[in-house]
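Chemist: Before anything else, here's the structure in question.
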Amino acid sequence: MASDPIPTGTTTWSDRFDQGLHPAIERFNASIGFDLELLEQDLDGSVAHARMLGRCGVISEAEALELIRGLQQVRAEAAAGQFNPGLEAEDVHFAVEHRLIALLGPLGKKLHTGRSRNDQVGTDVRLWLRSQIDLIDGALVRFERALLAQAEAHASTLIPGYTHLQRAQPVCLAHHLLAYIEMAERDRSRLADVRQRVNISPLGAAALAGTPVPIDRRQTAEELGFDEVYANSLDAVSDRDFAVEFMAAASLVMVHLSRLSEEVVLWASEEFGFISLTDRCATGSSLMPQKKNPDVPELVRGKSGRVFGHLMGLLTMIKGLPLAYNKDFQEDKEALFDGVRTCRDCLEAMAILFEEGLEFRPQRLEAAVASDFSNATDVADYLVAKGIPFREAYQLVGGLVKTCLAEQVLLKDLPLERWQQLHPGFEADIYAAIAPRQVVAARRSEGGTAFDQVERQLQRIRTRLATGAQKG
Ligand code: ARG
């Protein structure tokens with residue numbers, strides 16, 4: 032059955048009102064255009080509330096069962112695409128209540144006993160966000176697995192490491208990718224932390240002050256899977272800290288994705304040439320036939336701004352509000368919905384990009400690390416091992432690099448006499464010491480880029496992802 036339209040001008044309000052809303056204000060006021068997203072949670076919350084009213088003797092057990100049956104019917108109608116409330120319903124909460132009354136008659140009017148839309152909407156948003164946090168966690172795991180698979184495949188591939196976007200020292204490619212997995216693990220632990228504060232029940236705070244109706248807040252909290260109930264009813268209906276915290280955590284997810292995106296865009300350029308894009312995630316130009324564009328990382332980089340914007344929007348929306356509920360809070364929804372969707376979509380797109388959208392080009396990478404001065408520190412370290420103070424060694428090698436640049440010759444191509452002219456400590460083993468693979472293998476300090484250190488990191492992440500356990 033289609034939902035019964037509520038004639039415009041008929042108010043849900045009490046007889047205190049004589050006139051209906053101005054049509055433009057009705058539109059302006061309504062959240063039904065977006066808050067149907069909360070329908071499932073609204074029904075879950077109402078089912079729990081109805082059951083509790085029955086158990087507490089506020090309504091009879093039979094009435095409670097009938098209300099629950101009616102609510103399940105609304106759920107079924109929605110699943111069949113037959114629940115399409117219009118503007119006149121104002122919001123998802125009224126839409127459900129109206130439909131219930133149409134289905135059950137006067138009994139439907141008992142559902143809202145001991146409850147307000149203020150604690151109701153707070154409950155719905157928290158239930159919704161809690162399930163979305165779990166989905167985002169799953170998306171983070173998929174993204175990490177995609178990075179891990181590439182890292183496993185490139186446990187012995189080298190890539191130039193940069194500081195200031197200047198070639199610095201070569202690193203193991205797996206090491207580079209694992210750095211992003213570490214970020215994603217922090218994102219997971221941050222979201223798990225936020226989830227604890229999302230998962231507290233405001234239901235039963237009623238409008239702001241609690242209710243004289245003998246309800247049991249613990250019962251609804253337990254049925255809805257909340258860990259706790261808010262201790263203060265004013266705080267319960269006016270707290271949106273959890274939305275801000277979530278958006279801050281989501282913003283960092285986006286920062287991490289955006290930084291990785293920037294690298295992919297650079298790597299895909301002809302200048303770097305470290306990866307090639309497969310046809311799965313790249314697009315062509317409508318004009319230039321030779322082009323293959325990295326749209327996925329560009330879009331992810333671009334979309335990060337939306338999430339940061341929502342964070343600022345939420346903070347600003349909340350900062351001047353007196354206690355308790357204010358209609359301003361209606362503005363939290365589109366921010367949360369869009370922030371969550373953006374974050375999930377971007378994680379999925381980046382996972383797919385690393386699963387099948389790009390291929391590293393080991394030969395280009397090897398050539399890159401062999402053709403620069405990123406082994407200069409290792410020359411200094413070689414002298415340090417022979418007892419020369421680091422600063423002195425550093426000066427000597429600086430001068431050597433300057434001469435080499437002028438002569439257009441790489442360190443590895445200098446004859447031994449030149450080394451020995453610079454310092455008698457140099458011997459023939461200098462060539463092995465500055466070969467890129469040796470340079471990487473030598474950095475064995477804990478968490479360094481040496482192959483055995485990287486293998487330890489890989490092992491840790493493998494276990495963590497296999498067990499679903501989080502970084503403590
Ligand atoms: N649509 C409203 C919101 O999203 C529901 C709560 C309305 N409460 C009220 N007292 N007007 O915040």
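Be aware that the sequence shown starts at 32, since it is given in our numbering, and climbs by one per residue.
Here a beta-carbon is modelled for each residue, glycine too, at the ideal position from N, C-alpha and C.
Say yes only if the C-beta of Asn230 is nearer than 6 Å to one or more non-hydrogen atoms of the ligand SAH, and no if none qualify.
Modeler: Judged by which ligands are present, the ligand SAH is missing from the structure shown, whose ligands are the ligand ARG.
Chemist: Near Arg226, which residues of its chain fall below 7 Å by C-beta distance, leaving aside the five closest residues on each side in sequence?
Modeler: Arg161 and Ile164
Chemist: Less than 7 Å between C-beta atoms, sequence neighbours within five positions excluded: which residues of the same chain meet that for His206?
Modeler: Thr480 and Val485
Chemist: Can you say whether Asn230 is buried or exposed, counting buried as having 16 or more other CB atoms within 10 angstroms of its CB?
Modeler: buried
Chemist: By how many angstroms is the C-alpha of Asn406 removed from the C-alpha of Gly456?
Modeler: Whole-angstrom Cα-Cα distance: 18 Å.
Chemist: To the nearest angstrom, how far is it from the Cα of Lys364 to the Cα of Ile90?
Modeler: 32 Å
Chemist: Report back the beta-carbon spacing between Ala274 and Leu378 to the nearest angstrom; my notes put them in contact at under 8 Å.
Modeler: Taking 8 Å as the upper bound for CB-CB distance, Ala274 and Leu378 are not in contact here, some 20 Å apart.
Chemist: For a quick check, are the C-beta atoms of Asp122 and Asp66 less than 7 Å apart?
Modeler: yes
Chemist: I'd like to know whether the C-beta atoms of His80 and Thr251 end up nearer to each other than 7 Å.
Modeler: yes
Chemist: Residues in the same chain with beta-carbon distance under 6 Å from Leu135, minus the five sequence neighbours each way, listed in chain order, please.
Modeler: Gly101
Chemist: Between Arg332 and the rest of its own chain, which residues show a CB-CB distance below 7 Å, the 5 nearest in sequence each way excluded?
Modeler: Ser289, Ser292 and Glu293
Chemist: Measure the alpha-carbon distance for Tyr211 versus Arg217 and round it to whole angstroms.
Modeler: Cα to Cα, Tyr211 sits roughly 10 Å from Arg217.
Chemist: May I ask which residues mark the beginning and end of the beta strand (DSSP E) holding Leu189?
Modeler: Leu189 to Thr194
Chemist: Buried or exposed, going by whether 16 or more other CB atoms sit within 10 Å of the CB of Trp44?
Modeler: It counts as exposed.
Chemist: Alpha carbon to alpha carbon, what distance is there between Val78 and Gln50?
Modeler: C-alpha separation (whole angstroms): 33 Å.
Chemist: Output needed for Ser34: all residues of its chain with C-beta closer than 6 Å, excluding positions within five of it in sequence on either side, in chain order.
Modeler: With a pLDDT of only 48 at Ser34, under 50, the local geometry of the prediction cannot be trusted, and the value read off the model is given with reservation. Taken in chain order, the residues that qualify are Phe114, Pro116 and Arg130.
Chemist: Taking Cβ to Cβ, would you say Gly145 is nearer than 7 Å to Val244?
Modeler: yes
Chemist: Which stretch, first to last residue, makes up the alpha helix (DSSP H) that contains Phe391?
Modeler: Note, Phe391: premise wrong, no alpha helix (DSSP H); beta strand (DSSP E) at Leu389 to Phe391.
Chemist: Alpha carbon to alpha carbon, how far is Leu158 from Ala184? Give it in angstroms, no decimals.
Modeler: 40 Å
Chemist: Taking the alpha carbon of Glu213 as the reference point, which residue from Val202, Ser232 and Leu179 has its own alpha carbon closest?
Modeler: Leu179
Chemist: Kindly list the residues whose CB is nearer than 8 Å to the CB of Leu442, restricted to its own chain and excluding five residues on each side of it in sequence; keep chain order.
Modeler: Phe404, Asn406, Ala407, Val410, Leu431, Val432, Cys435 and Ile465
Chemist: In its own chain, which residues sit with a C-beta less than 8 Å from the C-beta of Gln490, not counting the 5 before and 5 after it?
Modeler: none
Chemist: Identify the residues that DSSP records as bridge partners of Ser232: which are they?
Modeler: Val260
Chemist: Quick check: is any heavy atom of the ligand ARG less than 6 Å from the C-beta of Phe360?
Modeler: Correct: Phe360 has its Cβ closer than 6 Å to the ligand ARG.
Chemist: Hey, how far is the Cα of Met152 from the Cα of Asp73?
Modeler: Per the sequence shown, residue 152 should be read as Val rather than Met. Rounded to the nearest angstrom, the two C-alpha atoms are 8 Å apart.
Chemist: How far does the alpha helix (DSSP H) with Pro201 in it reach, from first residue to last?
Modeler: Counting along the chain, Pro201 falls outside any alpha helix (DSSP H), though it belongs to the beta strand (DSSP E) covering Gln197 to Cys203.
Chemist: Could you have a look at Arg493 and say whether DSSP puts it in helix, strand or coil?
Modeler: helix
Chemist: My output table needs one value for Asp308: the three-state DSSP class, helix, strand or coil.
Modeler: Residue identity differs from the one stated: residue 308 is Leu in this sequence, not Asp. Here Leu308 sits in strand by DSSP.
Chemist: Buried or exposed for Met319, please, with buried defined as at least 16 other CB atoms from any protein chain shown within 10 angstroms of its CB.
Modeler: exposed
Chemist: Classify Thr154: buried if its beta carbon has 16 or more other beta carbons within 10 angstroms, exposed otherwise.
Modeler: buried
Chemist: What do you get for Ala195, buried or exposed, if any count of 16 or more other CB atoms within 10 angstroms of its CB means buried?
Modeler: Before going on, a small fix: residue 195 reads as His here, not Ala. Exposed.
Chemist: For Ala497, count neighbouring C-beta atoms within 10 Å of its own C-beta (all shown protein chains included) and say buried if the count is 16 or more, exposed if not.
Modeler: Exposed: under 16 other Cβ atoms inside 10 Å.
Chemist: Please state the DSSP three-state secondary structure of Asn357.
Modeler: Judged by DSSP in its simplified three-state form, Asn357 adopts coil rather than helix or strand.
Chemist: Residues in the same chain with beta-carbon distance under 7 Å from Ala463, minus the five sequence neighbours each way, listed in chain order, please.
Modeler: So the qualifying residues of the chain are Gln469.
Chemist: Measuring only the C-alpha atoms, how far is Ser220 from Ile132?
Modeler: 44 Å
Chemist: Confirm the yes/no value for this check: CB of Ser62, any heavy atom of the ligand ARG, distance under 6 Å.
Modeler: yes
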